[in-house]
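S.K.:
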Amino acid sequence: MSGFAFGFAGDDIDDQEIDINEPNTGVSDGIQRLDIGHQHDRDQVSKREDEGTLVEARCWDLDEMLSSLPSQISYNILSIPQPSHTDGPSQPINIPRREVFDIRAQLMAEDDTETNENAELISGLEKGDLKPTVYEGGFKTWECAVDLAKLLVAEEVEGVLSEDAEGDVDVLELGAGTAIPSLSLLHTILSKPPPQHPPSRKLRFVFADYNAAVLRLVAVPNILLTWHACQQQHDPHPQKPTDNPDTTDQDITNTPHDPQQPDLDIDPDLLTTFRHDLQRRGIYISLISGAWSPTFVELALPPTTPTTSTNNPSPSSPSLLILASETIYAPASLAPFSETLLALLRRRDGRHGGGGGGGSHTATKAKALIAAKKVYFGVGGGVDEFLEVMREVGGEGGFSVSERVDVRGEGVGRVVVEITV
Numbered sequence: 156m157s158g159f160a161f162g163f164a165g166d167d168i169d170d171q172e173i174d175i176n177e178p179n180t181g182v183s184d185g186i187q188r189l190d191i192g193h194q195h196d197r198d199q200v201s202k203r204e205d206e207g208t209l210v211e212a213r214c215w216d217l218d219e220m221l222s223s224l225p226s227q228i229s230y231n232i233l234s235i236p237q238p239s240h241t242d243g244p245s246q247p248i249n250i251p252r253r254e255v256f257d258i259r260a261q262l263m264a265e266d267d268t269e270t271n272e273n274a275e276l277i278s279g280l281e282k283g284d285l286k287p288t289v290y291e292g293g294f295k296t297w298e299c300a301v302d303l304a305k306l307l308v309a310e311e312v313e314g315v316l317s318e319d320a321e322g323d324v325d326v327l328e329l330g331a332g333t334a335i336p337s338l339s340l341l342h343t344i345l346s347k348p349p350p351q352h353p354p355s356r357k358l359r360f361v362f363a364d365y366n367a368a369v370l371r372l373v374a375v376p377n378i379l380l381t382w383h384a385c386q387q388q389h390d391p392h393p394q395k396p397t398d399n400p401d402t403t404d405q406d407i408t409n410t411p412h413d414p415q416q417p418d419l420d421i422d423p424d425l426l427t428t429f430r431h432d433l434q435r436r437g438i439y440i441s442l443i444s445g446a447w448s449p450t451f452v453e454l455a456l457p458p459t460t461p462t463t464s465t466n467n468p469s470p471s472s473p474s475l476l477i478l479a480s481e482t483i484y485a486p487a488s489l490a491p492f493s494e495t496l497l498a499l500l501r502r503r504d505g506r507h508g509g510g511g512g513g514g515s516h517t518a519t520k521a522k523a524l525i526a527a528k529k530v531y532f533g534v535g536g537g538v539d540e541f542l543e544v545m546r547e548v549g550g551e552g553g554f555s556v557s558e559r560v561d562v563r564g565e566g567v568g569r570v571v572v573e574i575t576v
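Structure representation (structure tokens):
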């Protein structure tokens, strides 16, 4: 995930022995070292600079990152349940994810023995150690990302991706990591036959993560894997999911990689077909690494986005859906995240720079869905703390919040909240 370290350590979501709510002193100390605080707290900024410099936000070229992939990548399947219909249960959406061991192998192969620049990333991947400003946990999937993906599949996908709706759409995932929420939407649109004519509306997916290596080694491969899986849906011998078909809300798992499961072979023809299919569907991919900041906002939502055609401009700015999971875990991260979130929402809602009136919340063009644990033990963050900082940053009447999902059961409760301005 992007920008800051989590308040818990552990392996990927498929490891059932990990207690992700157990306090982790090493991670807590790392968060205290990061200590970003509010923008006006310059003492905290100076302290952070003594420990390490945050990476400035920047954009990356999709083709450049695709070109760095090996000729073959290994993956497993994560199943996202779909809501049942009147005619019976629905098939789950199967999201392919690059295997952790495959990511590690590429990091080790690329590591410079003299500089050893990938050592800390490899250590974070193997041990679950998160180091502020170095590795922020994005190589692995965390359970709140699955909560958010399930909500998107059940309640948001038709409104966001329907061809009957008017206007273009921007989907921006903050702290994307393995990008499961965005990929659940992308999987839905890619599962449909390609349009016979240029689409009337365009979709721009922005994948943002603090670590550029996470974008290159897991987010981009997962995008390619998702596209390829959708292309194979009508194969007479489709690859079966490697996870338990009886998965429940509290038990989303997948089995370890099966040596008999085919890997994805990557060659120039495959990449050319991938690019062409996205283009004819009106899908644009943007990639941003680095810290949350005003620069990040400018890159994520520039005045003119690729979704706006100069020959046939949209009657208004695209709708915006912001996604984030496990990004409000520690007090030190709440202010910069809240400031960035509100700036993005206000820019698309017509209020950036003091412009725009007070449109009704029911007709808003911008909203954010934030998935998180109610409390992060051993760290101090949580939903209540997040909303308190949001009120400090945006004012009491500066935003509206509603609860969309409340997951209760063993362990710490989890929620998905909707934010609008």
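Each residue of the sequence shown is one higher than the one before, starting from 156 at the first, in the numbering used here. Beta carbons are placed, not taken as given, at the ideal position from N, Cα and C, and that holds for glycine. Values in this document were obtained by computation on a predicted structure and should not be read as measured data.
(1) Measuring straight from C-alpha to C-alpha, what distance separates S472 and G322?
(2) At a cut of 8 Å, does the segment 274-294 reach the segment 491-501 through at least three beta carbon pairs?
(3) In the DSSP assignment, what are the bridge partners of P251?
(4) Please say whether S480 and P336 have beta carbons closer to each other than 8 Å?
(5) Grab the span of the beta strand (DSSP E) containing L476 for me, first residue to last.
(6) Would DSSP call T575 helix, strand or coil?
(7) Checking 8 Å against the spacing of the C-beta atoms, do A523 and L496 come in under that value?
(8) For D539, tell me which candidate among V572, G533, D267 has the shortest Cα-Cα distance.
(9) Where V562 and G537 are concerned, what is the direct C-alpha to C-alpha distance, given to the nearest angstrom?
(10) For K528, does the count of other Cβ atoms within 10 angstroms reach 16, so buried, or fall short, so exposed?
(11) So, with DSSP's three-state summary, where would you put E211?
(12) Tell me the DSSP secondary structure of K347 in three-state form.
(13) Buried or exposed: where does S229 fall if 16 or more other Cβ atoms within 10 Å of its Cβ makes it buried?
(14) Just confirm the distance between the C-beta atoms of G330 and T482, as a whole number of angstroms; I'd bet it's less than 8 Å.
(15) Return helix, strand or coil for S337, following the three-state DSSP convention.
(16) Using the three-state DSSP reduction, which class does Q227 fall into: helix, strand or coil?
(17) Which same chain residues, not among the five before or five after R435, have their C-beta less than 6 Å away from its C-beta?
(18) Return the chain-ordered list of same chain residues with a C-beta closer than 7 Å to the C-beta of F429, the five sequence neighbours on each side being excluded.
(19) Quick check on the burial criterion: 16 or more other C-beta atoms within 10 angstroms. Buried or exposed for Q351?
(20) Would you grab the beta carbon distance between L456 and R501 for me? Rounded to a whole angstrom, and I think it's under 8 Å.
(21) Is the beta carbon of N366 less than 8 Å from the beta carbon of R252?
(22) Over what stretch of residues does the beta strand (DSSP E) that includes D218 continue unbroken?
(23) To the nearest whole angstrom, what separates the beta carbons of I247 and Q237, a pair I think is in contact under 8 Å?
(24) Can you grab the Cα-Cα spacing for the pair D266 / N249, in whole Å?
(25) Identify which residue in L340, D302, V289, K286 has its Cα closest to the Cα of E311.
(26) Grab me the residues of V548's own chain with a C-beta within less than 7 Å of its C-beta, minus the 5 sequence neighbours each way, in chain order.
(27) What does I440 pair with, by DSSP beta-bridge criteria?
(28) Using the rule of at least 16 other Cβ atoms within 10 Å of the residue's Cβ for burial, across every protein chain shown, is S488 buried or exposed?
M.R.: On the basis of the supplied data:
(1) 8 Å
(2) no
(3) I232
(4) yes
(5) 474-480
(6) strand
(7) yes
(8) V572
(9) 15 Å
(10) buried
(11) DSSP, reduced to helix, strand and coil, places E211 outside both helices and strands of the structure shown, so it counts as coil.
(12) coil
(13) Flag for S229 reads buried.
(14) 5 Å
(15) helix
(16) strand
(17) P349, listed in sequence order.
(18) L379, W382
(19) It counts as exposed.
(20) Not a contact, Cβ separation roughly 10 Å.
(21) no
(22) Segment 217-222 is the alpha helix (DSSP H) holding D218; no beta strand (DSSP E) there.
(23) It should be pointed out that residue 247 corresponds to Pro in this sequence rather than to Ile. That pair is a contact at about 6 Å.
(24) 32 Å
(25) L340
(26) A490, S493, E494, L497
(27) F360
(28) buried
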